[in-house]
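Colleague: Quick one: this structure, given as structure tokens, is what I'll be asking you about.
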Amino acid sequence: QTTYDAWKSNFGNFSQNEFDEGDSVIGSSADPNRDGVGNLVCYALGLEPTLPAQDGLPRIRPGADEKMRMTVTRRTNDPSVSVVLETTTNLAADSWTGAESVLSAGTPTMMGGGFEQVVYTSQLSASELGKHFFRLRIQR
Numbered sequence: 014q015t016t017y018d019a020w021k022s023n024f025g026n027f028s029q030n031e032f033d034e035g036d037s038v039i040g041s042s043a044d045p046n047r048d049g050v051g052n053l054v055c056y057a058l059g060l061e062p063t064l065p066a067q068d069g070l071p072r073i074r075p076g077a078d079e080k081m082r083m084t085v086t087r088r089t090n091d092p093s094v095s096v097v098l099e100t101t102t103n104l105a106a107d108s109w110t111g112a113e114s115v116l117s118a119g120t121p122t123m124m125g126g127g128f129e130q131v132v133y134t135s136q137l138s139a140s141e142l143g144k145h146f147f148r149l150r151i152q153r
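What follows is the structure, encoded as structure tokens:
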């Protein structure tokens, strides 16, 4: 049993009926609380899959120096899950690339429980950065 599968079965907040419904409720892309965040994303970011996730989702905001910052809490105890920050300027499906050219990752802070927090900071101010879109690509 993988760490993700163990998380699903040991989570405790899925009812027996939800388990009986199978992948439509407990699958990786399932969204049992209909907040737009699938179970694999909840698992990777340490969110509760049966409660709305707005508070735990990464957001990008300008700092006092007007450089953009995104704080991401991510799982470290399951090597089968990757969390990759990507960027594009036009939202075309094939235009997403690693965000390292735009955002630098700070030193991770260990959060305990198999999680770390990383602050990504842009090298340029928001006005110098221009139009950029960011996403987290989470895979297993």
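Straight run, no breaks: the sequence shown in the working numbering ends on number 153.
Backbone N, C-alpha and C define an ideal beta-carbon position, used for all residues, glycine too.
These figures come from a predicted structure and were not determined experimentally.
Measuring CA to CA, which of G119, L58, T63, G59 is closest to K48?
Modeller: If you number the sequence shown from 1, residue 48 lands on position 35. Residue identity differs from the one stated: residue 48 is Asp in this sequence, not Lys. For the residues G119, L58, T63, G59, the minimum Cα distance to D48 belongs to T63.
Colleague: For the segment 54 to 120, list the alpha helix (DSSP H) runs that are entirely contained and at least 4 residues long, ordered along the chain.
Modeller: none
Colleague: I think V94 touches R153, with their Cβ atoms under 8 Å apart; what is that distance to the nearest whole Å?
Modeller: Against the sequence shown, residue 94 aligns to sequence position 81. Against the sequence shown, residue 153 aligns to sequence position 140. The Cβ separation is near 5 Å, so the contact holds.
Colleague: For my contact list, T102 and E129 are in at a C-beta cut-off of 8 Å; report their separation, rounded to the angstrom.
Modeller: Translated into positions along the sequence shown, residue 102 becomes position 89. Translated into positions along the sequence shown, residue 129 becomes position 116. Between T102 and E129, the beta carbon gap of about 29 Å keeps them out of contact (Cβ cut-off 8 Å).
Colleague: Give me whichever residues DSSP pairs with V131 in a beta bridge.
Modeller: Indexing the sequence shown from 1 puts residue 131 at position 118. BP columns for V131 point to V85.
Colleague: I think T134 touches L116, with their Cβ atoms under 8 Å apart; what is that distance to the nearest whole Å?
Modeller: In the sequence shown, counting from the first residue as 1, residue 134 sits at position 121. In the sequence shown, counting from the first residue as 1, residue 116 sits at position 103. Indeed they touch by this definition, with Cβ atoms about 6 Å apart.
Colleague: When the Cα atoms are used, what is the spatial distance from K80 to L58?
Modeller: Working through the sequence shown from its first residue, we reach residue 80 at position 67. Working through the sequence shown from its first residue, we reach residue 58 at position 45. Distance between the alpha carbons of K80 and L58: 24 Å.
Colleague: Under the rule that 16 or more other beta-carbon atoms within 10 Å means buried, what is A112, buried or exposed?
Modeller: The residue given as residue 112 occupies position 99 in the sequence shown. Its Cβ being crowded by 16 or more others within 10 Å, A112 is buried.
Colleague: Give the range of the alpha helix (DSSP H) segment to which S140 is assigned.
Modeller: For the purposes of this step, residue 140 is taken as the residue at position 127 of the sequence shown. Residues 139 to 142.
Colleague: Please report the residue range of the beta strand (DSSP E) in which G125 lies.
Modeller: Along the sequence shown, one-based indexing puts residue 125 at 112. 122 to 125 is the span of the beta strand (DSSP E), which, as asked, contains G125.
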